[in-house]
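For reference, each letter of the sequence shown is one residue, going 748 to 1030 in our numbering. All C-beta atoms, glycine included, are put in the ideal place defined by N, C-alpha and C. Following: one structure in C-alpha cells, then a few remarks.
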Amino acid sequence: YIFTMKRDPRGGHWFGTNNGGLSRFDGKTWKTYLPSDGLADFWVYGIDFAADGTTWIATWNGVSRFDGSRFKNYNTEDGLADRWVYALAIDRDQSIWFGTEGGVSRLDPQGNWKTWKHQDGLGAPNKLGLPQSENTGFGTLSRSEMNDYKHRHNLSILGPDGNETYNENYVFSMAIDRDGNKWFGTWGGGAARFDGKSWKNYTADDGLAGNIVYAITVDPADGALWFGTNHGVSRFDGRQWMNLTARDGLANEHVYSIAIDADRHVWLGEKGGVDEWVPRSEK
C-alpha cells in the first residue's frame, strides 16, 4: 500500500510504498526505484523536493537523496537521530528536517547535522503516566529486523480497544507553517512547534483532539493547521481550536492523513475509509 504521495515541480507524481520502494509517474510511464537501484530501503514514508532539483526520501533505513540518476544515502553514522524516518520537509533556507523514532534532525545547506530530543523540549511530558510504547509505526517490519522485532509494529493501538502509549522521541509527522515554524506530531506528546530557538508543545489540555499526532497539514488559504490524531481531527488558527470527533460524524477517530482541496473541503484518511468535511458556510 501507499504511505505517501507528492507532486514534484515538473508535474511528476511520486509514491512511497510499503515494501515496494519508490515510484514516479510522469503522466505516461511509471518508474520504480528499489534498494538495488540505490534507494535506502523498500519502505518509504516521506518525500520532498529541494530547490536544486533533488528529491529527498524518508525510509525505514535512513534517508536518500536522488539527483535524477543516482542515490546518496544518510544514516545515523552521518548524524541522523534514528534510521527509522517517518517525515521530512525542506524549509525556505533549504535545510532539510527529519522526523524519526529518535527525535528531530536537521541537515543544513552546509552539510551540518543537528538533533533535538525530548530533553531539548520536543514533545510534552507523560503527565498521564501512559506505558512506554514497545511497538511504534505502521505496517510490517523492515527486512533487517523481521526476526529481532516481531512485535515492533503491533497495530493494537489503532483499534478501538487499543491501549494508548507514549514514546517521548517518536516523531511521526511534520509540517512548516507560513511563518516558517516547524510543527512535529509526536507519539503521546502532542504537537510540538519549533520557532528556531524554543519549543512549545500543544496537547489535549490545550485543545488538541488527541496526543498521538499522525498527520499535520497547513491550509494554503488561511495558514491554519490541521492535525490528525488518535481522537479525531483538530484545526488550530493560532488562537482557537476546533475539533471533529465521532460525535461530529467521523467514521473513525484515528485520522492518519489530511488533504485540503481547491474548494477548501478537508479530506480525512482514517482507519477503514475517508471522510469529507465541508465548511459550515456551504452546508
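Asked	Found
Please specify which runs of the beta strand (DSSP E), each continuous and at least 3 residues long, are wholly inside the segment 799 to 868, giving them in chain order.	802 to 806, 809 to 813, 818 to 821, 832 to 837, 843 to 847, 850 to 854, 860 to 863
Can you give the Cα-Cα distance for Leu786 and Ser811, rounded to whole angstroms?	6 Å
Rounded to whole angstroms, what is the Cα-Cα separation between Asp840 and Leu1015?	30 Å
Going along the chain, which residues of its own chain have a beta-carbon closer than 6 Å to the beta-carbon of Lys753, five neighbours each way excluded?	Trp761, Ile794
So if DSSP puts Ala962 in a beta bridge, which residue, or which two residues, is it bridged to?	Gly975
Do Ile963 and Gly927 have their C-beta atoms within less than 8 Å of each other?	no
Assuming Ala797 contacts Ala922 (C-beta within less than 8 Å), just tell me the rounded distance between them.	Not a contact, Cβ separation roughly 17 Å.
Is Asp1022 helix, strand or coil when you go by DSSP?	strand
Just to confirm my understanding: we take Ala951, look at its own chain, exclude 5 residues before and 5 after, and list those with CB closer than 8 Å. What are they?	Gly937, Gly957, Asn958, His978
Do you know offhand how far Arg1027's Cα is from Val1013's?	12 Å
Which word fits Phe750, buried or exposed, when buried means at least 16 other C-beta atoms lie within 10 angstroms of its C-beta?	buried
What are the start and end residues of the beta strand (DSSP E) that includes Lys947?	946 to 949
Please look up how many angstroms separate the CB atoms of Phe813 and Val832, rounded, as I've assumed it's under 8 Å.	About 15 Å separates the two Cβ atoms, so there is no contact after all.
Report back the beta-carbon spacing between Gly935 and Tyr913 to the nearest angstrom; my notes put them in contact at under 8 Å.	3 Å
Considering Gly767, what are the terminal residues of the beta strand (DSSP E) in which it resides?	Note, Gly767: premise wrong, no beta strand (DSSP E); not H, not E.
Tell me the rounded alpha-carbon separation between Gly996 and Gly826.	44 Å
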